[in-house]
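First residue of the sequence shown? That's 1 in full-length UniProt numbering, and the numbers climb one at a time after it. Even glycine gets a Cβ: it sits at the ideal position worked out from N, Cα and C. A short worksheet on the structure shown next.
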Amino acid sequence: MFMNILPHKLLPAIILLGIVHLLNGCTAAEPAGFTDVTGSSGIEFVNSFQETEKFNVFNFMNMYNGGGVAVGDLNNDGLPDLFFTANQLPDRLYLNKGDLSFEDITEKAGVAGKPGWKTGVSMADVNGDGLLDIYVCYSGLGDAAYRANQLFINQGVENGYPVFHESAAAFGLDAPGTNSNQAVFFDFDRDGDLDMFLLNHATTFYSPFVNTSKLRSLRHPSFSHRLYRNDGGHFTDISIAAGLKGGGNTFGLGVIASDVNKDGWPDLYMTNDFEEQDYLLLNKHDGTFEDVTKKCFGHISRYGMGCDIADYNNDAEPDIFVADMLPEDNRRQKLLKGPDQYDKYTLLVDSGYFHQNMRNTFQVCQGIDEQGLPRYAEIGQLAGISNTDWSWAPLFADFDNDGLKDLFLTNGYWRDFTNLDFSNYVVNDYQQQHGNQSVSLEVMEHLSQTKLSNYIFRNKGDLTFENVSAEQGMTAKTSANGAAYADLDNDGDLDLIINNIGEKAQLYRNNAKTDSAHYLRIQLQDTGMNRNAIGATLLLETGSGGRQYAELFPVRGFLSTVEPVIHFGLGKDTSGIRLTVNWPDGRRSVYKRLPVDKKILLLARENNETPLAASPGEKKLFTDITATCDFPFRPRENLFVDFKHYYFVPWQLSRQGPRLATQDVNGDGLDDVFVGAPSGQAAMLCLQTADGRFIPAPSQPWQPDSLCEDVQPVFFDADGDGDPDLYVVSGGSEWKEGAEALRDRLYINNGKGVFSKVEGALPVMTTSKACVAVADFNRDGKPDLFVGGRLKPGAYGSSPDSYLLLNNSRKGKIGFTDVTNSAAAALRLCGMVTDACWTDVNVDSWPDLVLAGEWMPVRIFLNQKGRLVESSEALLTGKTGGLWTRVLPGDFDQDGRTDFLLGNLAPNTQFHAAAGQPMTLCINDYLKNGQQLPILNYFIQGTAYPYLSRDELTEPLPSLKKKFLKYAAYADATMHDIFSEEQMRGMKELAVQTLSNSWLRQQPDGKYVLLPLPVPAQFSAIQSFLQDDFDGDGKTEILAAGNFYPFRVQLGREDAGKGLLLIPGASGNFQTAGYSRLGVWLDGDVRDMVALKTAGRQKIIIISRNDDNIQIIKANP
């Protein structure tokens, strides 16, 4: 085995292969976290620039984006050196002298650069001579020569210092006339040398709606990204041949290479500011790239800044983080948020742009699909890392050496020109006085500097992070941009280097205790021209079963390059270490029993093994058969938009369906399915055929009722003749209360699957409803109904009527009577019900009723011999207010008592709810004008604020504009600041204490305690549960699916759910399994699932999704 352990201070220029050198020295005890040691480091670099009337942020939008940092050992002495880019001043190179002491050798090295606007910097061994070179990007408003990039080729050490020769033009990499932000050197064609991708950005704005296709596809000579192939030391622009995306509205800010689908070929992810979207480009192995963004993600960031890719949850799959600009605190959120812009968002999506939202996004890989594409769940809000203000450089790294990658983010903006008071008032006032001439420097003095502290988030190991910025020493407020990490003092932990605007760059020493939290650092040396093995992937495994996955792509974060060394924190897991290195050309090396607390050099020549064939993995439970079933019906939503009719509603209530119902309606032994439809489309009954297909039933008597919104159908024997009849609940928000379209319908089966509508069998119920549950609640032998009221259109938050219907049918006459007032008076206005189930809670042989709903607690009504009495307070421990979507009874802890699974909105949103800090809905006629308005509030940093922006609030309440003339006046306003006590008198307040998908566990004393499901079950709203023994082990599992798309634009859609198997344990804990076990993707805006039997007694499952195709999966034998 060829490996070298690098000495503590210096790496000899010539390494003796096969010799293991131990690290020398020891680390003194230090306080936890980071210490700013800039003052003693010798680093004096400051990125300052001069704004003028002709050159400022109004004519060069990237003015405040700052500069980058590159880290690498330029003289091969074992100590990483530092390079900083300055936008207008000379760049600076600092030689590492050891002990965190640096010397400015810029002039000696010849790398100060030319006059111009410098941006990103990359370090790479471009010519394969074993010496790191430096590539600097240029942008700005000058001519082509002014914006030409520079490549400094390392000539080796002269007089004790590395010296460089500028050679960009000679290598074909000067790219004159481009506006460049960052270069990535990587071997995209796996021919053994480094190619280069150049990320560019526009300096002119074009409307995203005019000639959109041409604007996005026609390459721009200065703005479009470029790909350069290394042809024997000279680089050729092959951008067009490679199929690169990006036209006139490209505003590239961040880029990173990664083998996202683990096929051995490096792919690219790039961020874009403004309307143009981010792109994930998949390497097609033939010199081209394919845009797979829409196939892999549910949504992306709106204003993508820097990005990083790393395996943060140690599942050996790369995850993607993109920084954006949504603040953590309420005040800055309210200063930046204007109207919701539903129409603009919809038009962008309709024009071909992807779903984008202004917040950090964290795309966690859920697996590779059948087409070789990685599929991601965006869980930044759940993970606690979505709101970090104007962030630039995200960096995943294990800063505390516990074996989990943490997250660092730079933060701040030099002048906050997105402040709405500035853009809407100061700039407008100036332009009214001076016309459309450029904004003067005097006006820009009104812009406040937005200096913010940087963030460090500790990886908690449960898919979430904890903000530990203050305790880690990140309290200084700066305008920070580029950043990099490296072990600058060779003590076994990662230090941080940060490039700030207007003040000295910062060097933070890491004080991690490496005596208790161990580490292993790997440096690779390859043969050929890619000497540093850029693109290699490493899998570290330990004897205890731990594993970590890493990729060697040093360009990451924002405008910066990290040290080309792989750092593994180990914690105490140090036994039986096995390291697998997949080299860039496909060779594979395995190293066993590696020592820890060392930096080891691994060479590509030895320990090579033939790559193993991919393991088939565990048996998949399901197969997707949608394509072969050719299901004949697709629900299509109407054009109704709740936000245009009802003020302040946080999501659309007109998109609740479709729900499904299944039974063998024609007696042929095959289960059939009824699919509800939105208002304006007729529902459909589909009959199953013997060959497993579905065809429309010859008779569809519900077609005349197409104005009704079918929110839940159910088959049951209403008339006692032994065949299933059909009840369909009408709901939605398209119709006002009292409309005929809100009447429920009952269709009677003639025994052969032919249905006819029964008139007069149901009481008049013209409220908007959500659900129906069937049980013989009075035990007279006939099935009765509970029908849950969902909402009052135009009065969101108010309780609609719910109904208890007694089946008093007799031979020849079918009829149901509303007995709510006499048998269950508390049910009448029980809340905004979403689901209900009958089950015998107290084991007295009488069916009890359990309700779930929006803005309401779980409610339990015990059946006292035909009378339903609410017993929630006696049976439930603690508060259970939620935005509940579904309820499913079952004995999930296998103790013989009935528990309940509960779907909820899920905490992967901007909202927060807890027992002490509830999320509330405050409903009142605040201005006494007859208009009931619901205002949603939730806690941010300890105080409850309205969700609404100033513009949203004042649209129906224009008188409040006088009170809040400026956005700053509203930015700290609570409900008590907005309204007087008189205006709030009579206000109804609904409270939610949890957003988690949960379960109610019954205790031995009969009481219930509410418990959250595991974190993987919190990715998105669960809309449907299906209970069965799916894996054939004799035990019950639960298939869960959901999502919810129709939120307000500024909230963005919930789309992280991909389907999940919940596996109950006797101890009361649930295990979870995703795609790797399921074998199918249950994604999209799922609303319902039903199981059916086929001719071969095989189980199939039908999944409905709002405004989307029906999905069908089969259980594998």
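Opposing strand residues paired with residue i [DSSP bridges]
i, result
"Leu990", "Leu921"
"Ser301", "Asn357"
"Gln150", "Val136"
"Glu378", "Gln363"
"Gly78", "Looking at the DSSP assignment, Gly78 forms no beta bridge with any residue, so it has no partner."
Coil, strand or helix - residue i by DSSP
i, result
"Asn821", "helix"
"Gly25", "Caution applies to Gly25, whose pLDDT of 35 falls short of 50 and renders its modelled position unreliable; the value that the coordinates give is listed next. DSSP places Gly25 in coil when its eight states are reduced to three."
"Leu6", "Low confidence applies here, because Leu6 scores a pLDDT of 44, under 50, leaving its location unreliable; read the following figure in that light. Correct three-state label for Leu6: coil."
"Phe422", "helix"
"Lys572", "coil"
"Leu11", "Here Leu11 scores only 38 on pLDDT, less than 50, and its place in the model is too uncertain to base an answer on."
"Ile1102", "strand"
"Gln1027", "strand"
"Gly546", "coil"
"Ile19", "In this prediction, Ile19 scores a pLDDT of 29, lower than 50, which makes its location untrustworthy; the coordinate-derived value is nonetheless stated afterwards. Coil."
"Gln1071", "strand"
"Pro595", "coil"
"Cys296", "helix"
"Lys1093", "strand"
"Ser41", "helix"
"residue 1119", "The question about residue 1119 has no answer, for the chain in this structure spans 1 to 1117."
"Ala169", "helix"
"Leu1078", "helix"
"Lys811", "coil"
"Val121", "strand"
"Tyr64", "helix"
"residue 1175", "Residue 1175 cannot be examined here, being either before or after the span of the chain that is shown, 1 to 1117."
"Ile1110", "coil"
"Val887", "strand"
"Ala112", "coil"
"Ala761", "coil"
"Arg92", "strand"
Candidates the options, of which the one nearest residue i by Cα
i, options, result
"Asp624", "Arg743, Glu370, Asp719", "Glu370"
"Val774", "Ser768, Arg634, Thr767, Gly788", "Gly788"
"Asn401", "Phe274, Gly177, Arg458", "Arg458"
"Asp951", "Gly866, Leu335, Asp725", "Leu335"
"Thr418", "Ala393, Asn1109, Lys405, Thr450", "Thr450"
"Ala512", "Tyr206, Ala397, Phe622, Leu441", "Ala397"
"Gly492", "Ser448, Phe568, Tyr508, Ile498", "Phe568"
"Cys365", "Arg1048, Asp1085, Pro1016", "Pro1016"
"Ile1100", "Phe964, Phe622, Thr1072", "Phe622"
"Gln1023", "Asp133, Leu995, Gly903", "Gly903"
"Asp406", "Asp308, Val443, Ala476, Gly412", "Asp308"
"Asp840", "Lys1114, Gly896, Thr817, Ala1115", "Gly896"
"Ala913", "Leu382, Gly1034, Tyr455, Ala241", "Leu382"
Extent of the continuous beta strand (DSSP E) to which residue i belongs
i, result
"Asp725", "725-730"
"Ile940", "933-940"
"Met832", "832-839"
Segment limits, alpha helix (DSSP H) that includes residue i
i, result
"Met975", "975-978"
"His434", "427-434"
"Asp951", "950-954"
"Tyr970", "967-970"
"Lys619", "Neither: Lys619 is in no alpha helix (DSSP H) and is coded neither H nor E."
"Asp350", "342-350"
"Ser699", "Unbroken run through Ser699: none, as it is neither H nor E."
Original post:
Hey, which unbroken runs of the beta strand (DSSP E) at 3 residues or more fall wholly within the stretch 637-692?
Top reply: 660-663, 672-675, 684-688, all fully within the stretch 637-692.
**OP:** Quick one: which unbroken beta strand (DSSP E) runs of 3-plus residues sit fully inside the stretch 498-534? Chain order, please.
**Re:** Correct list: 506-510, 518-525.
**OP:** Enumerate, from N- to C-terminal direction, the unbroken beta strand (DSSP E) stretches of 3 or more residues contained entirely within the stretch 230-311.
**Re:** 234-237, 252-258, 267-272, 279-283, 289-291, 307-310
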